[in-house]
Every structure is written in C-alpha cells, then in structure tokens.
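Quick notes on the structure that follows.
There are 6 protein chains.
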Amino acid sequence: MKSDETLFALLSRASTASLTAVLLQHGISRAFMYGVAPLPHSRPRVVGRAFTMRSVAVREDILATDRQRPPEVNLQRRAAEECPPGHVLVIDCRGNASGASGGLILFERMRMRGCAGVVSDGGVRDAHDIVATKFPVYAKAVCPPNSLVAHRFVDLQVPITCGEVAVYPGDIIVGDPDGVVVVPAALGEVVAEEAAMIEEKEEFILRKIRSGASIFGTYPLSGDALREFETTRKRS
Amino acid sequence: MKSDETLFALLSRASTASLTAVLLQHGISRAFMYGVAPLPHSRPRVVGRAFTMRSVAVREDILATDRQRPPEVNLQRRAAEECPPGHVLVIDCRGNASGASGGLILFERMRMRGCAGVVSDGGVRDAHDIVATKFPVYAKAVCPPNSLVAHRFVDLQVPITCGEVAVYPGDIIVGDPDGVVVVPAALGEVVAEEAAMIEEKEEFILRKIRSGASIFGTYPLSGDALREFETTRKRS
Amino acid sequence: MKSDETLFALLSRASTASLTAVLLQHGISRAFMYGVAPLPHSRPRVVGRAFTMRSVAVREDILATDRQRPPEVNLQRRAAEECPPGHVLVIDCRGNASGASGGLILFERMRMRGCAGVVSDGGVRDAHDIVATKFPVYAKAVCPPNSLVAHRFVDLQVPITCGEVAVYPGDIIVGDPDGVVVVPAALGEVVAEEAAMIEEKEEFILRKIRSGASIFGTYPLSGDALREFETTRKRS
Amino acid sequence: MKSDETLFALLSRASTASLTAVLLQHGISRAFMYGVAPLPHSRPRVVGRAFTMRSVAVREDILATDRQRPPEVNLQRRAAEECPPGHVLVIDCRGNASGASGGLILFERMRMRGCAGVVSDGGVRDAHDIVATKFPVYAKAVCPPNSLVAHRFVDLQVPITCGEVAVYPGDIIVGDPDGVVVVPAALGEVVAEEAAMIEEKEEFILRKIRSGASIFGTYPLSGDALREFETTRKRS
Amino acid sequence: MKSDETLFALLSRASTASLTAVLLQHGISRAFMYGVAPLPHSRPRVVGRAFTMRSVAVREDILATDRQRPPEVNLQRRAAEECPPGHVLVIDCRGNASGASGGLILFERMRMRGCAGVVSDGGVRDAHDIVATKFPVYAKAVCPPNSLVAHRFVDLQVPITCGEVAVYPGDIIVGDPDGVVVVPAALGEVVAEEAAMIEEKEEFILRKIRSGASIFGTYPLSGDALREFETTRKRS
Amino acid sequence: MKSDETLFALLSRASTASLTAVLLQHGISRAFMYGVAPLPHSRPRVVGRAFTMRSVAVREDILATDRQRPPEVNLQRRAAEECPPGHVLVIDCRGNASGASGGLILFERMRMRGCAGVVSDGGVRDAHDIVATKFPVYAKAVCPPNSLVAHRFVDLQVPITCGEVAVYPGDIIVGDPDGVVVVPAALGEVVAEEAAMIEEKEEFILRKIRSGASIFGTYPLSGDALREFETTRKRS
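Chains as they are written, first to last, in this note's numbering: chain A, 1 to 236; chain B, 1001 to 1236; chain C, 2001 to 2236; chain D, 3001 to 3236; chain E, 4001 to 4236; chain F, 5001 to 5236.
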C-alpha cells in the first residue's frame, strides 16, 4: 500500500474531471461537490484526508447557553487546533451560506499548523484577505456575517454531507481550480493510479488533436493512435 | 412541573401562530419549520417529544456495504421500532426531497406502536395511502422513490436540523394544519401557559371584532376592552 | 362608463385565463401574479379595486423604535380599518414568505367592514382558520411567524409589486381558484367586455367539442361553426 | 407478450412507489418526474403510452411568423387531434411554468377522443375547470397565461425531457395521486409483473403490521412470515 | 446583402448591451441568455453562426444501449467534427449543469478546426485548462463530472433553447465579457448597422459626459449636443 | 460628533466582517446584503451615505405612458444628477436581475459628479467597461438588457430593501471586496469606533497566530496575550 505522501503526489496531478470519471467507472456518481467553489479571484489546489465538522441550525436558547461555556469547547476553535497537518477541514453547513463557517484568523492558524485547506458548503468571511494568504479554501459563498447567525457546530469527525456529497473522516479530498472531489478512503490507491493513466492518455490525445488529428480514432484512442500510445508508454 | 400529558393537552389547543409569537417573546425566532407541510389533502395535528434521526447523502460504495448488513441495523427500521409511544419522529433529510424518508409500512408500524407522528424535511412515499390512515405526517414533498436514492441514515437521537430549525431530542414538536413548530424542552411549560393565554385573549378579541369592534382598542386589547377581558377572565 | 358594480359583475364571470388572454391582446403580458395562490384547501373568488400596502425588510433598530409608537400608526392595522368596502388589500412583501403579512383577526375585521379580500406575496398566518371564514385570501405561503420577523410596512396606497406584477392603487384585482390577475384601471371596461365575449365563445366551443367536434374549425371558431355561433348570439 | 390492455390493468394496480422500486432494481434511478404534480384538489390516476410534444422558448420574430400560418399546423392543436386513444400526451416545457401548455378546450377534445391524460412540466390553465371533468392532468403549476407567452411547440413524437426524466414515444406513463413514473417501453412487462408482486407482498406485510407484527422479520419478509406469505400465495 | 465576414466585423464591435437594446426596438425581448456566463477568470468575445445540439435527460437503459454503439455516432463527437469553421456550437442542456456538455479535448479539436466558440446552458469540465487556450466558452457552471451523468445528446441542427432563449440553426451568436446574445438570422444586417450607430453615439455621449456634460440633453442626445453629433458624423 | 469625512476614514479601514460583528453586538443581524457582489473581475471598496431609488415591476401600459414624458422626469437620470457627491446610489430592484438598473453612461456621470458608488440588487449592463473605470459597483448580476424590460423606477429617497436588507436614506453604506454592509445612520459613530478596535485587535491576534500562537488564549484574547495587547495599545 502506498504512503499518503506517494498517493497524494499522484492525486495532485489528477484533475477533478479525471477523478470523477474514474470514480464513475467504480460505480460512484456522487463525488463532486456541487455549489462549492474556490473563493473569488483564487485558483486553489489541495489534496488531503478529510477532517470533518458538523453543524445544526443555530437556536437562540442554545446560543445563550453556549456563550457561557469556555472558548476551549468551541468546535470551530478545536477544529483549527485539532485538524492534523496535511488534512483538509471539511465543514457541513447544510448548504446554508447565510453565516460564515470560518475566517482569516482560524484559517491562518490552520495554515501555520500545516493543514492542507478548508472546504465548506457554507459561507466564508474575510475571503479577500484569505485569498492573499494562498491557503486553499473552497466555499459556497463569501459571507462576512459570522457563524453564529446561522450555525452551531456540534460534532467533529463524524460522517457529514458537504456540497451534497457524503464525506467520511479519512476520505481523500482533492481540489483543483474547477472544484472539489471526494475520493473514498478505500479507493484512494486504485483511483490515483487510474486517474494518472487517464491524465497520461489525455495528454497524448491532446498532442494528437493539436497536431490536427480528428476526434474519431483519437478520443477515445483506437487503431493506430492507440498502438502509438502504447508503444510510447512502453518506451518511457 | 406539569406531566407531559397535561402539557401536551395545553399545547394541542395552541396554534402554531400563537406558539411562534410566544417563542419570539422568549427571544427564539427560529422555531417554525419552513418548507415542511402536511401531506396533500390532509390537515394533521400533532404534539409530542422529538425522537430524531439524522442522514447524510447516499454514496454508492457505502450503500454496497450497507446492503450486506442485517435489516436490524437499518436506522429507519430501528426508528420505527424505537421511537417511543407519544413521540414524534423528526427526520433530518438536509432539505433534500429527491428520495423518501419513509412510507406507509414504517409509519403504520409507528401508528400501531402509539407514536404521535412523523416530521421530515425530505420526501415521503405512499403519501396518498398514508393520509387515509390519519397518521399525522409532515414532509417537504411527496416522493415515491425510496430513501436509498438520496439518503443514508447515520444517527438516532442526536441534535439535527429539520426545515432549517434545530431539533434536540426531547424538544416538543407541535403541528397544526399550518405547519410545525419546535418548542425547546426547557421552555415547554411556560410556552404552553403563555400560548393558552394568547388563545384565550384572541378568542375574546375575535368575538369583539365579529360584533363590529375596530382593530384599534381591540387588537391589542386596551382601555375598556382590556378591562372587560380581565373581568370576564376573573369570573371564569 | 360602467359603475364598479356592473363592471365587477361582468369580471366575476371571467376566468383568470380569459383575462390574461384579453390583456395580452392589449399588449400587457405582466398581469398574472406568479407564486401567489389560494390558501390550502380553498377555492376563492374575488373582484375589487386594489388598496395597496408596501413593506421593506425589518431591521432591529427600526423595530425597537416602532415598538414605542401607538398601535394607531401601525400600517397593518390602519390597512384593516382603511381599506374601503369592496376593495382588495394587496400587500407587497417582496416575495418573502418568511414572515406573515396578516392573520385571522385583521382579516376578520376586514370581512366585517365589507372588504373583498386580501392578496399578498408574503406569508399568511392562521391560514386554516381563515379558510373556514370563506374570506378570499391569496398568498405565497402559509407562515405562522408574524410579520415583524421579516417585514416593516411603510406605505399605503403607493405603486407596489406583488407576485412580480405591478399594482397601482385603483387597479382591478380579479381572483379565481387558479390565481390572481391585475387589470389596469383604465382598461377595466374594455377588458371586462372582451373577456365576457371570450367566455361566451368558449362555452359555445366547449359544447361543440363535447358533441364531438374537431379542434380544427372549432378552436378557433371558423367557417360553419363561426357562423353558427354568430347566429346563436344574434338570437339571444 | 401481453397486450397493452392486460399490461395496463396490471400497472394501474401498482403505486408509483412500487414502480420506482422495481425500476431501481433494473438499474433505472431516473423514472419519477420531480415537480410534476396532480392539479390542485385532484387525485388522478392514469396509465398509457407516451405521445410526446417538444417546445422551445418563444421568440417574438418567430411568433409573428407563426401567427400567419393556418391553425392546422399548430402542434398543440395537432397533438389534441393526433394523440391516439389510450395514450398520454407528455409535454416538454423545459420545466418553465410561466406559460400554459394547454387548457380546458384542448383537454376536453382529448377526453372526447379517448386519450388517457396529460403530463406537462409547464403550466396548465383552466385548472379548476379541468379538475371538474375528472380528466387526469399532471403539471408543474397552474398558469392562466397561455402558451405563447413562454413556449413554441416544435416537434411531436421525439425524445423529450419532462420533470427531469427522459421520455421516448411509446414509453409507458403511470400516474397516481403521488405523481408520475415513466416505465421504459422495453421493460413494461417485467416491471408490471414485479410491481404486482411487490403490491401483493406489501399488502400481506401491512396486514401483519396492522395485527401488531414488528418491522423486523416482516419488512422485509423473512423467516416464518416469509414462509406464511409463500404458503398463502400458493393457495391463491 | 453583407457577407458574414463584413457582418461579423460590425457585430464584434457591438456590446451585448447595445445589441439587446436594438433587438428590443425590433420587438425582441428574449435574446440575452440568462445564467450563461464566461468561464471563471476569462473575458471571452465571440461572433458566429449557431450550430445547435440538443439533449434529453440521461436514462440508464438508453445509456446501456448507447455504450454499445461506435464512437462515430456520438453526437458530441460529431458536433466537434461537423460544426463548421467560424460557427459557434450552442448546446441545449435544459439549464442542467450537474453534468458537463464538453471539455478540453473536444473544444481543442473545435479550436483546431476554426470553430468560433461554444455556448452551453449546462456544465463544462476542464474549465481552468480551457481558459488557458483562449477558446471562447460560455456555460452555466464549471462541472467536472462528464456528460453522461446527466445528458444524452439526441439532435444536431434543430431549434433549441439555451439560457432560456430560443436558438435556431444559423442565428448569429454574439458574446462579450458580459454574456451572450442571440441575433435572429433574418435581422443580422439591420441589427448590426443599428448597433454600430448606437456604439458611435454612445462613444460621443461618453466623451461629453467625461468632459462634464449633464445627463439631461446628452443621454439621450438632444438639442445642441445632438446637432454636434450629427455634424461630427457628416464630417467623418 | 464626528464629521462624515472622519467617520468614513475610520469605516473605510473596517472590513465588512468586522462591521457585521459590531452590528450584531448592537442587536442588528440584518445588515449584510445577500446576493449583491462586486462586478466580475473587480475588488471595489466604497463608503458613503445612501441615496435610495425604488422600483416596481414594469407594466406595458404604464411604459407606454412613460415614453411620452420628457427625459427629465426619468428617475434613473435624475438619480445620476441628484445623488450628492460622496453618496452611494442604492437601488431596490426587488432582487430581480432580469433587467439592468444602470450602465456605463449613467455611472460615468455619477463618477464625474463625485458620487461614491452604486449598489443594486438588480442587474448592471456594460459591466466589463464599468470595471475598467474603477467606479465601485455592486450588483446581483451582469445583465445587458436595459431596465425597461423589468423595472420602473418610482421613488427617490424613500426606505427601500436591497439584498434583503432595509436601507433608509442617509444610512452609511460600506463595501469591500467581500460585499456590502448597511450601517444605520444613528449608529455610524459607535460602529466605526468599535470596528476600528476590532481591526486593531485582530491585527494583533494575526501577528500572534503568525508567530505560532494557539487559537486558545489568542482568539478571543485572554490572559497574557490580552495583557500584552493592552500594554501595546497604551504605548501607541
């Protein structure tokens, strides 16, 4: 079995387009997070294991109680301190972006601690400043109002839904400038290898297309073009 | 402290309109479930403590594994057997009604067991047949396709969100033909009493209005009308 | 010029389908209120001149000030007292149904005063009880929470938008079980007459269709069928 | 192979819930039309082969040209005359209900001609009057404004999408009070048989549940309960 | 009649704002594609005749059959080979962006063949890489999952709807960084000329405004300013 | 009381995130405009008093009358001439972006006159060209079609709703690249001061976090870190 380092190196070269194609071949059609995008003016890339956080809707009576508890039990803060280096914090905001799920200070702490990035189907505040730090963040919307107008975080490391996709702790999160894909933990290795193969094949196809080849025979590869690809591969 | 029986008797005479008004006076603005309605052609009423069930999005690899597990671990079935008599099963479907969260057979079992009703922000199948049984059911939409096209149920009796409202196990669910309100457990008694007072006052106001009184002086009650109401109350 | 009584008698026999067709022939395509429907389990009919009320979003600082003002300046209450008999109160809630725009007591006062009905693109509370009174009410949704969670009413009798349609004070509102149409005041008479003609023609067409006639030649009327219709009309 | 009569008799006893379950077992998850519902205050049932009609968005220059063409080339009228007896007219309105896709006169002609019903993902005008005729109609919304404010019909009997589901001419449309399911033509017989089996089994299960049986062992049937069911079946 | 080259040169200097204004003067209000935008981080411009492709929803039984057919009959591939040089491929995805309508390889082939661009009301995969090629692409959303999770393409060169606008083969598509407008084929020349006139006039107006002129008298041009504009024009 | 110049200098250093946090502490949760964003490819900043404009839906009969009136009574033009220097024109388009609420020429006139910017919950045309002028504009969407396909402007300087937030003439509008916040006029000074304090504190916290401090003890500041911050402040 590959180490995470090797695995992630492979996955970081795969596009979210290739990854969803491979996952579909393994019967998984629900892997791309709809409505979860890079912050404006950013083109992030991220690979890492999922560290999950779950929310429910805020309610004023519970909020009043929460406010009397010490900051140490606040799950947003705990997530910023406990999400392991190399991991991606994935936040289930129930697709509700009327409140933020985090902002510059929490994410800077995560960046300092070596976390890989943040993915949320809620809002993110301080978006403009976060983009300047180059920390990879994907969200449903920019939302300056803070989390407590909408969310109460109730669990770390449980199964969640983010962007209409199920995420289990330890799943592999891969983001590129086009969005975020969840790769089930058990499929990481085979998906990484098959996606690498797709990337290799598509680069070959692109070269052919750019030298004037027709789609037919080239995409998908068949006949002479397929043989040429296979010969080229063997040599390398 | 009132018994649940006394409390529920009081609450069942309060409309969801009065309950949201009382809750707002206690600082709680997020109590009414938006988008969760009686099944078509029904006008249900329900009062009971919340028994909660949580879902995440379905994912094909997890579904394949689940299918090999015995029916006894399925949470929808466990909910139908474990939701206590007099309780309302409240199902968090993440507002997604593309799959059902239950149907006639499960709900008939619950009705047999003395459960009070079901509230879901997902779909419900067999809706037409369920309405015929008079079992109180509120949902986001009628949806014949079953749950596994959209949902995997992962927890019983945890805090959830339903219809954009937080529901904690043991909260009191009150439904009338206009919809569903969540009364926090700790506020049940005071809310029940104040709502009963509102109902009494509004019946008095309605009688005045129906005898030709102006809104001014009557709604809200003031001056002579208020004195008349207070006198009437003392006598009864 | 026809009296309102004569005009409304004519309009009350026209369906919203015929009225939108006539208005389109006069170049008006924006007359039907989208998303504004009869309350559940009701099939209202209404005709009357529009008395308008406008809202803006609620804001907590303004709300605090409003609460210290006497009930007499509250526009919802004033509308209930000032909307003239035979008129329809049309409420602009900006399409936002997260708060009510009225409820049983206000509408009962309007019914007592001889108002014709209420049309709102916001919520309505006490919907189930209002339907029992037979007072014609159309709204975007049933919504028990009261108006102040969402709306502040700021003007009476100004131009508004309701259900994405412009309504000017004095326009004629016609509602049937299928929805609500706004007839511009200046067009009332011609629209009423042409709609009556359409109704007459369509009843004739329906009789032909129900005796087995083909759509072709009958709808639209032409040739023999048209001559028969014209002959029949002359006789009556 | 069964005749349509036999097949439809079988299918008319199956609920849309059972049909989607059977179709899912055959790998088809996209069979239920989302957002397409019975007209208000109706509980229709329908079974029949699909006769399809396709629309594109209206455009004023094309509309002007169309208006100069004879009524006989209008596809809505042709559909009303050409949809065969026993067939269901399925109308692709691109999910746009801002204009009607039909009304009372066209549908009365279809009823006279023995058509089985109409299914549309657009609007329907004269809804209240259509319900009175008992002709089965499903649509996205009630919409008095006529089709030409939104739609131009361009094809009969081509593959279409209705309610987000693909419909090919000749597919079997089954509607009950809960909605509409598309059964692919080639699967009609096997789906009908398996759905009948499900109905039979669920009636047995319901009887058990209503006599106090637990969900476990009964739903799904296993052990003694399964043997009892199989014995009962053999006897009948 | 102008050649396409001359016509397109003229149209490429007109903004989509001017074009919609001119089309409205010709009675056409439905020309701008709502919800169809440049890919992120791009500011494309395109002019060309429409080559259209139509989709229906995917269905698993049909998909299984399609997979056994040779790649040559696949309409996405055929479109990439058959869309003539200088033409814009306009794809009707029914406004559904849950699956892609194309990606880098197909679009690179089109770019090689001299096609002008692509406009789709569905998703586009490989968006980040496509933007790098400078090929003009407009879509509803970035969507890595490929077309077969949502779409089956069924027709080339038929009337379609894209972005809620009707597009007929041969219509002229004009895109600028603000979006896409459809110019009906028969109106191409007159619209091009009138839009050029508007551009000229607005440049003159802008110069006046930027030298301190008031809106009144300048926009719209009247009195002295209008005479100055007309004098200037004659001289040039 | 501070002059507007001093006040705006202070507010221009506060982020929308800090401002919403301060406003929430003053009980105001509805201050951030949802769905109102910088034009594409821009990162505007703006501070100024609100000058408001209100619209209703367009209706063809009213439009015909308006067209015969002189340009001087057109409220869009009047707004461009009457919005005072340093003020922000805030346009209530009822959240409808199917028509523009302004374009390059009107906004250039406003820029020449020293207006601070424009905020609209409708569309904006000529967006690409406006961004080039650096004039700060926030809107719901880019929309080339002009205002009269959707809007009729009916009032200047009345209370409006924009982006679901109430705006009263004279309120202070603060926009940064993340969006727009409304600061009630009466709260301007206290909000400006408290937001400045938050900015100062958060800069201190960020420096600590970037030197490796934990979230706990730092965010919120407490213990030693709080003392250090207070000492630092006193010195400066």
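Backbone N, C-alpha and C fix where the C-beta goes; we use that ideal spot for every residue, glycine too.
Query	Result
Reducing DSSP to helix, strand and coil, say where Pro2071 (chain C) ends up.	helix
Tyr3138 (chain D) and Val3165 (chain D) look like a contact to me (Cβ under 8 Å); what is the Cβ gap, rounded to whole Å?	Contact flag wrong, Cβ pair sits at about 12 Å.
Taking the DSSP output, what are the residues bridged to Leu4221 (chain E)?	E:Thr4218
Here's a check: name, in chain order, each residue in its chain whose Cβ is nearer than 6 Å to the Cβ of Ala3185 (chain D), leaving out the five neighbours to either side.	Gly3170 and Asp3171
Using beta carbons (cut-off 8 Å, strictly below), is Ala4037 (chain E) in contact with chain A?	no
With a cut-off of 8 Å on the beta carbons, I'd call Gln1085 (chain B) and Phe1051 (chain B) a contact; round off their distance for me.	Correcting the residue type first, residue 1085 (chain B) is Pro in the shown sequence and not Gln. With 8 Å as the limit, Pro1085 (chain B) and Phe1051 (chain B) do not qualify as a contact, their Cβ atoms being about 10 Å apart.
Can the beta-carbon of Ala2021 (chain C) be found less than 8 Å from the beta-carbon of Asp2178 (chain C)?	no
Looking only at DSSP bridge pairs, what is Leu1156 (chain B) linked to?	B:Met1053
Do the region 4105-4123 of chain E and the region 200-212 of chain A touch if we need at least three Cβ pairs shorter than 8 Å?	yes
Does Tyr219 (chain A) get closer than 8 Å to chain G when you measure Cβ to Cβ?	Absent from the structure is chain G; the protein chains it does hold are A, B, C, D, E and F.
Starting from Leu5063 (chain F), trace the alpha helix (DSSP H) both ways and give me its first and last residue.	Glu5060 to Asp5066
Can you tell me whether Ala5014 (chain F) is helix, strand or coil according to DSSP?	coil
Answer yes if the region 53-66 of chain A comes into contact with the region 19-37 of chain A, meaning at least three C-beta pairs across the two stretches below 8 Å, and no otherwise.	no
For Val118 (chain A) and chain B, any beta-carbon pair shorter than 8 Å?	no
Which residues in chain F have a C-beta closer than 9 Å to the C-beta of Ile2062 (chain C)? List them in chain order.	Pro5159, Ala5166, Tyr5168 and Pro5184
Alpha carbon to alpha carbon, what distance is there between Ala4009 (chain E) and Gly95 (chain A)?	45 Å
Who are the neighbours of His4128 (chain E) on chain A, taking C-beta pairs under 9 Å?	Ser15, Arg43, Asp176, Pro177 and Asp178
By how many angstroms is the C-alpha of Phe2032 (chain C) removed from the C-alpha of Val3142 (chain D)?	11 Å
Within the chosen definition, does the region 4035-4052 of chain E reach the region 4149-4165 of chain E through at least 3 CB pairs nearer than 8 Å?	yes
Under 8 Å Cβ-Cβ, which residues of chain A neighbour Ile4106 (chain E)?	Reading off the sequence, residue 4106 (chain E) comes out as Leu, not Ile. Those within 8 Å of Leu4106 (chain E) in chain A are Ile215 and Tyr219.
Relative to the alpha-carbon of Ile2215 (chain C), which residue among D:Arg3030, D:Thr3065, D:Ala3064 and D:Pro3070 has its alpha-carbon at the smallest distance?	D:Pro3070
Name the residue from C:His2026, C:Ser2003, C:Thr2006 and C:Pro2044 whose alpha carbon lies nearest to the alpha carbon of Val2180 (chain C).	C:Pro2044
Using DSSP with H/G/I as helix, E/B as strand and the rest coil, what is Ile28 (chain A)?	coil
Of all Cβ atoms in chain B, is any one closer than 8 Å to the Cβ of Leu3024 (chain D)?	yes
Give the interface partners of Arg3210 (chain D) over in chain B, defined as CB-CB distance under 8 Å, in chain order.	Glu1108 and Met1112
Under a CB-based cut-off of 8 Å, is Val3058 (chain D) close to chain E?	yes
Out of B:His1026, B:Arg1030 and B:Arg1049, which one is the CA nearest neighbour of Glu1005 (chain B)?	B:Arg1049
Have a look at Ala5097 (chain F) and Gly5123 (chain F) and give me their C-alpha separation to the nearest angstrom.	4 Å
Quick one: what's Asp4176 (chain E) bridged to in DSSP?	E:Gly4179
Leaving out the 5 sequence neighbours to the left and right, which residues in its chain are closer than 8 Å to Val1149 (chain B) when beta-carbon positions are compared?	Val1058, Ser1098 and Gly1099
At 9 Å on the CB atoms, spell out the chain B contacts of Ser3029 (chain D), in chain order.	Pro1145 and Val1149
Please state if the CB of Gly2223 (chain C) and the CB of Ile2175 (chain C) are separated by a distance shorter than 8 Å.	Before going on, a small fix: residue 2175 (chain C) reads as Gly here, not Ile. Result no, Cβ atoms of Gly2175 (chain C) and Gly2223 (chain C) do not sit closer than 8 Å.
Please name the residue in B:Asn1146, B:Arg1067, B:Val1183 and B:Arg1152 whose C-alpha comes closest to that of Arg1125 (chain B).	B:Asn1146
Please confirm whether Ile173 (chain A) has its beta-carbon closer than 8 Å to some beta-carbon of chain E.	no
For Lys201 (chain A), collect the residues of the same chain with a Cβ closer than 8 Å to its Cβ; drop the 5 residues on either side in sequence, then sort them by chain order.	Leu221 and Phe229
Nearest-angstrom Cα distance between Ser5029 (chain F) and Asp4092 (chain E)?	42 Å
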